[in-house]
Amino acid sequence: MHIPIDTFELDNGLRVILSEDHTAPIVAVNLWYHVGSANEREGRTGFAHLFEHMLFQGSANVEANEHFELIQRAGGTLNGSTWLERTNYYETVPSHQLALALWLEADRMGRLLPAMTQDKLDTQRDVVKNERRWSVDNQPYGTWWERLPELTFPPEHPFHHSLIGSFEDLSAASLDDVREFFSTWYTPDNAVLTLAGDFDPQQARELITGYFGWIPRGTGHPTLPDMSLPRTFGRRLHSVVHDAVALPRIYVAMRSPVFGTREYYSASVCGAVLGQGKGSRMHRTLVREQRLATDATAFTFDLSRGSDLLIVDVLGLPGVDATALEQAVEAELDRVASEGVTEEEVARARALIETQLLVDLESAEKRADRLSMFATYCRDPHLLNEELYNYRRVTAAEVSAFAAEYLGAANRAVLVYLPREAAAELAA
Amino acid sequence: MTVAAVRPAPGPPRPYHFPAFTGTRLASGVQLLVAPVRRLPVCTLSVVIDAGAELDPQGLEGCALLTARAMEEGSRRYEGLDFTDRLERIGAALSATADWDSASFSMQVMAERLPAALELLAGVIREPAFPASEIERLREERLSEIAQIRSEPRGLASETFSRVVYDAASRYATPVGGSEAAVRALTRDDLVRHHDSFFTPLRTAVIIAGDVTPDEAGKLVEDAFRGWDVEVAPSRPRRGEPATRDDRVFILDREDAPQSELRVGHPGVPRTHPDHFAIVLLNAILGGLFSSRINLNLREEHAYTYGAHSAFEWRRGPGPFTVRTAVESGVTAAAVAEILKEIDKLRQEPVTNAELSLARDYLAGVFPVRFETSLAIAAALAQVVTYELPSDYYDTYRDRINQVSAAEILRVARAQLQPSRLSVVVVGDARQIREPLRGLNMGEPAEVQLEGAVQPASS
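Top line first, the protein sequences correspond to chains A and B. Note that this note's numbering has the first sequence beginning at 1462, numbered continuously upward. Note that this note's numbering has the second sequence beginning at 1357, numbered continuously upward.
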């Protein structure tokens, strides 16, 4: 399997990746800006994501919400998302509509600010506050993805604070912040543009050069504080949340090697051994044999700087004693750390990962997104074609070595959710 | 070099056809649909069986789903973990589930592993092991899902909505997975009976999309199901009767909830309704698209919510028409009023040309994007099987969409959006929202409990 990859760079620093595939007459346009919640300044948590909303509020030649309308009218799908280290914007359109998608992305990269108004900011601020209520505050376990980074990264670290942001900080965001954030981070030399699917490479080059080529290079941006961290926590971290949930849930996060490194692939395979599929360690032990949990999974956060996290997520059965569940999860981690994993386990994990890699590449949108990811984090989109190889060469010995170093008690951050009623009983 | 302020015009569209597929019935009676798509060496394999939740007997709701899940526990030949291991070692993650209309067993595999995957899957379809102790575990897992839903506003609102708009005798009143009482009542014998009655060759379709030829697939499937010869039992009645009641506003109290989770709607129409395409367009304009009336109103104009959508849920019987959103508690009644206003407006005057062309252009234009992956193509073929759609359904889809007029949408809006039948369900902080909801003039809000019969209005 080989995905065709061609790259070039505009004079203003915009890196472009082209990946042709003419199976269907559609093309994915995918733009990664190398900025995320990690780049927010003190007192502005949630701003990178609020800013993502503002990018759909029009630009010099586009009305508010018109971006959505024009792409949908063209028969396309679109969205954007914000993560700790990046913000992405993407559309998949019928191939004869490629120029429109590129033009829209270029208009907002080059000429966003004339369209920004206080009214639009106020509306999107309220929309985002409602997004926070909906996905975090009024959702069982919804706070896990801000509590876990808070527990696992030191307070001064850029990954420590909330991505969706606090109400207070969202309220404080101003139009000046919008202007400053835009001119600092939304510059061609801080972005990667990927096209995947059905297009003519010569025509695509011309369109991209014409629409994006005039946009001035950025004038530089503040460097992030040193993000490096010790390889492990060095101790066991623990936090308990009493919440409006029905079932106990336990997240165990372990520091783990950053995305794209050789050791990352061992970590990723180890994650699959632990928690991908019903034959995985955690599922087998906690769900099937001990009948303490109703589900158990494991995954990596895929962070590229400082330290990644490998997370085990276990949902308890109703009424199960959370302490017993916690002990069982950690006992299994102890076992893997001390005894290692078998060849069979690694073969099973690799087979599931291989299928998933191929299945993801069926979609132009995901193909483009993965290419942008490797280009942004590792500065090399060709790593996509080496992924399969990088997984296949992981040996059981490497996974066992990874487990011995990273799965031990001194590298665990345990976040426990307890139903409020159960918590009250414990206190009584 | 141009710095274009003018938006570019589209080029000439490149031709697109839904992937050609073959449909045959094999000697065993099993139906086989194959869509060869050669992009990557992967396939999606699905087995779809006319054995959905609408066939559950009264008092045993959840039987179809538990049966499907229990089939992940292997065949008589490869039982339990042995079955899971054999599948996962070839990189296949089986998803076994049931919805209202069918039971389905799907997986994605590398093309070279298709024969092994098919053999394992056929084994479990024909002769599931149904190990008793694993059924107990799966029952506990289903009960934990029920417990989980009770603390989860979105699921709670949807389940409560179904409970108030469908008659208690309707299968649609209870979730696909069944109520706590029904799940506790189910026995292994019920699962075996469900399997024996409905898992028969004539009710079974095998669908393969991806890197495979119809000839290869035909041979593999013929071999896997050879000699599967079971008597076809008479089917149970399908049931989906709507409710008639006087109460129209229902509150499920969640003290101090920061948002109200809202559902507004009524029972809709079956998937095979002759106005299907006009209803699809009507819904796109009302709340199906980002630029729909309800989303632009509630999100972009009023900033009440992160998002608001509407849908006609398509089933063999009349699935619900529902508007769904979550809004800040303080604007609950105001948001409901806006939704009612938008529904009413669609019944009063024709949609604009701009709205109609947006919805048409989107639905017709996005067609090739929708059916890009083998998984999406297999799911589209499952629709052909389940709803007995004509074999040229996808070839004529875009024409059918483009033929719908504003006058037709107005006619369908008047027939299918029925203000007098709308129910409103709110999962939220009753103290804050009860009084404002009274102001809607839809009668006294009724309090509903987590389960059981709906109480009459209190004061």
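The beta carbon of each residue, even a glycine, is placed where N, CA and C say it ideally should be. Please read these numbers as outputs of a predicted model, since none were measured by experiment.
query	result
If you draw a straight line from the alpha carbon of residue 1374 of chain B to that of residue 1531 of chain A, how long is it in whole angstroms?	24 angstroms
What are the start and end residues of the beta strand (DSSP E) that includes residue 1880 of chain A?	1874–1880
Quick check: the Cα distance between residue 1641 of chain B and residue 1741 of chain B, rounded to an integer number of angstroms?	28 angstroms
Can you list, in chain order, the residues of its chain with a C-beta nearer than 7 angstroms to that of residue 1546 of chain B? Leave out the 5 residues immediately preceding and following it.	1416 and 1419
Mind checking if residue 1698 of chain B is an interface residue toward chain A, Cβ cutoff 8 angstroms exclusive?	no
Residue 1892 of chain A by DSSP, collapsed to three states: which one?	There is simply no residue 1892 of chain A to check, as chain A begins at 1462 and stops at 1889 in what is shown.
Along chain B, which residues have their Cβ under 8 angstroms away from the Cβ of residue 1601 of chain A?	1504, 1507 and 1508
Ends of the beta strand (DSSP E) at residue 1665 of chain B?	1661–1668
Determine the DSSP secondary structure at residue 1682 of chain A, reduced to helix, strand or coil.	coil
With H, G and I counted as helix, E and B as strand and the rest as coil, what does DSSP make of residue 1643 of chain B?	helix
Going along the segment 1647–1664 of chain B in order, which residues come within less than 9 angstroms of chain A, judged by CB to CB distance?	1647, 1652, 1655, 1656, 1657, 1658, 1659, 1660, 1661, 1662 and 1663
Starting from the beta carbon of residue 1464 of chain B, find every residue of chain A whose beta carbon is closer than 7 angstroms, and list them in chain order.	1816 and 1820
Can you name the residues of chain B whose CB is closer than 9 angstroms to the CB of residue 1743 of chain A?	Under the 9 angstroms cutoff, chain B gives no residues; its nearest Cβ is about 14 angstroms from residue 1743 of chain A.
Look up residue 1771 of chain A in the DSSP assignment and give the residues it is bridged to.	A:1715 and A:1761
I'd like the list of long-range same chain contacts for residue 1627 of chain A, defined as Cβ closer than 6 angstroms, with 5 residues on each side in sequence excluded.	1506
Return the residue from the list A:1539, A:1673 and A:1860 that minimises the CA-CA distance to residue 1723 of chain A.	A:1860
Just the C-alpha distance for residue 1534 of chain B and residue 1495 of chain B, rounded to the nearest angstrom, thanks.	11 angstroms
Kindly indicate which three-state DSSP category residue 1489 of chain B falls into: helix, strand or coil?	helix
Would a check of beta-carbon distances place residue 1555 of chain A closer than 8 angstroms to chain B?	yes
Under three-state DSSP, which class holds residue 1400 of chain B?	strand
Where are the alpha helix (DSSP H) runs, 4 residues long or more, that stay fully inside the segment 1788–1850 of chain A, in chain order?	1804–1822 and 1825–1839
Could you tell me which residues DSSP puts in a beta bridge with residue 1392 of chain B?	B:1566
Would you call the segment 1606–1626 of chain A and the segment 1759–1771 of chain A touching, i.e. three or more CB-CB distances under 8 angstroms?	yes
Please confirm whether residue 1740 of chain A has its beta-carbon closer than 8 angstroms to some beta-carbon of chain B.	yes
So that I know if they touch, is there some Cβ in chain B lying closer than 8 angstroms to that of residue 1606 of chain A?	no
Please compile the residues from chain A whose C-beta is within a distance smaller than 9 angstroms of the C-beta of residue 1714 of chain B.	1530, 1533 and 1534
What whole-angstrom Cβ distance do residue 1743 of chain A and residue 1793 of chain A have, given they're in contact under 8 angstroms?	6 angstroms
Would you report the Cα separation of residue 1597 of chain A and residue 1573 of chain B, rounded to the nearest angstrom?	46 angstroms
If you follow the alpha helix (DSSP H) that residue 1516 of chain B is part of, which residue opens it and which one closes it?	1509–1521
Just list the alpha helix (DSSP H) runs in the segment 1756–1814 of chain B, keeping only unbroken ones of 4 residues or longer that don't cross its boundaries, in chain order.	1762–1772 and 1786–1794
Between the segment 1560–1578 of chain A and the segment 1673–1687 of chain A, do at least 3 Cβ pairs fall closer than 8 angstroms?	yes
Compute the beta-carbon to beta-carbon distance between residue 1484 of chain A and residue 1395 of chain B, rounded to the nearest angstrom, for a pair I have assumed lies under 8 angstroms.	5 angstroms
For residue 1643 of chain B, decide whether its Cβ has a neighbour in chain A, counting only Cβ atoms nearer than 8 angstroms.	no
Is residue 1598 of chain A helix, strand or coil when you go by DSSP?	helix
Pull the bridge partners of residue 1677 of chain B from the DSSP assignment, please.	B:1622 and B:1668
Sort A:1825, A:1516 and A:1469 by Cα distance to residue 1643 of chain A and report the nearest one.	A:1516
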